Amino acid sequence: MANIKGRGHCQSCQIRHLSIFAQLPINRLTEIQTFHPPVVTYAADEIIYHQGDPSLNAFTLRKGLVKLIKTLPNGRTQIVRVLHTGDLFGFDGFADETYNHSAIPLGETEVCRLPLHDLMELKKQNPEIENAMMRRWIQHLREAEDMMLELGAKKAPERLASFLIRWCEDSENGWAPLPLSRAEIGELLGLTIETVSRFLSDWKRQGLLNEQRGNIQIQSLDDLRKVACSSGGC
């Protein structure tokens, strides 16, 4: 069940360097010290917000992973993005829109809930916040364009290999947590669960990958890159 853990303090926040407040000088942070948004924790599969709900808050992901899911008119769902620490999401309300997707945690998650009316005033008074948000929007647009290109131009093994390389690029000690199920990976990449399972099994047998208790390790990055670029798309 969602639980308010406390209030955020931008000056002492451990992920401020990843947030939209990163470029604010210390004296400006002091000026906005009355802005203490709630820090909320969620368990796995709880709903942070539903598609179609009024967009009253934006969120910064402080800890964990969150999947954004779009529900189609026929009831089918599609994962459109997986969020990581520092990502800003749920800001549809800036365009007077409802939430365009649902946000669901992958495991225990902690977010900073930013009321839009407060955030609107802050970005009016602080161009650094406005610029940071603009960069995030451009980044999201580019990621969406890249995903469209992959789904349309790359074959199934290339999509899966590219995803794994991106997922593990910042891993520590070679291992990266992978809380997504085979079905969720397929949903994200437009592949069937059977296709994902088959290629992962093949690559593990070939020594390209290793899996252990919800974690994954790339053992042969060069070979996996050859798979990702097999049609010359890299």
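Our numbering puts the first residue of the sequence shown at 740, with every later residue one more than the last.
Where is the CB? At the ideal position from N, CA and C, for every residue including glycine.
The model shown is predicted, which means the values in this text are computed figures rather than measured ones.
Residue from Asn912, Thr931, Ser959 whose Cα sits closest to the Cα of Arg944: Ser959
Pair within 9 Å by beta-carbon distance, Phe830 and Met886: no
Helix, strand or coil at Thr931 according to DSSP, with G and I counted as helix: coil
Proximity winner among Ile843, Gly832, Lys965, Asp909, relative to Ser794 (alpha-carbon distances): Gly832
Local Cβ density within 10 Å of Lys744, reported as buried at 16 or more and exposed below that: exposed
Helix, strand or coil at Gly925 [DSSP, three-state]: helix
Simplified DSSP assignment, three categories, for Ser910: coil
Validate contact between the segment 907-915 and the segment 779-794 using beta carbons, cut 8 Å, 3 pairs: no
Of the residues Glu836, His840, Asn870, the one placed nearest Gln817, counting alpha carbons only: His840
Exposure of Thr848, with buried meaning 16 or more beta-carbon neighbours within 10 Å: buried
contact_flag[the segment 807-814, the segment 774-784] where n(CB pairs < 8 Å) is 3 or more: no
Identity of the residues DSSP links to Asn742 by a beta bridge: Thr780
CB of Asp826 within 9 Å of CB of Leu858, strictly: no
Supposed close pair Leu763, Asn865 - CB separation, criterion 8 Å: 6 Å
Buried or exposed (CB count within 10 angstroms, at least 16 for buried), Arg746: exposed
Within 9 Å, strictly: CB atoms of Ala883 and Val819: yes
Three-state class that DSSP yields for Ser758 in the structure shown: coil
Pair within 9 Å by beta-carbon distance, Leu939 and Leu890: no
Contact under 9 Å by Cβ, Ile957 with Leu963: yes
Endpoints, beta strand (DSSP E) assigned at Pro854: 841-854
Which listed residue (Gly953, Ala915, Pro854, Thr934) has its alpha carbon closest to that of Ala922: Thr934
Beta bridge counterpart(s) of Thr810 as assigned by DSSP: Thr816
Cβ shell of Ile924 (< 8 Å), same chain only, five flanking positions each side left out: Leu899, Phe902, Leu930, Val935
Span separating the alpha-carbon of Cys968 from that of Leu880: 23 Å
Residue-level contact to chain B via CB, Ala883, 9 Å cutoff: Any reference to chain B falls outside this structure, which holds one protein chain only.
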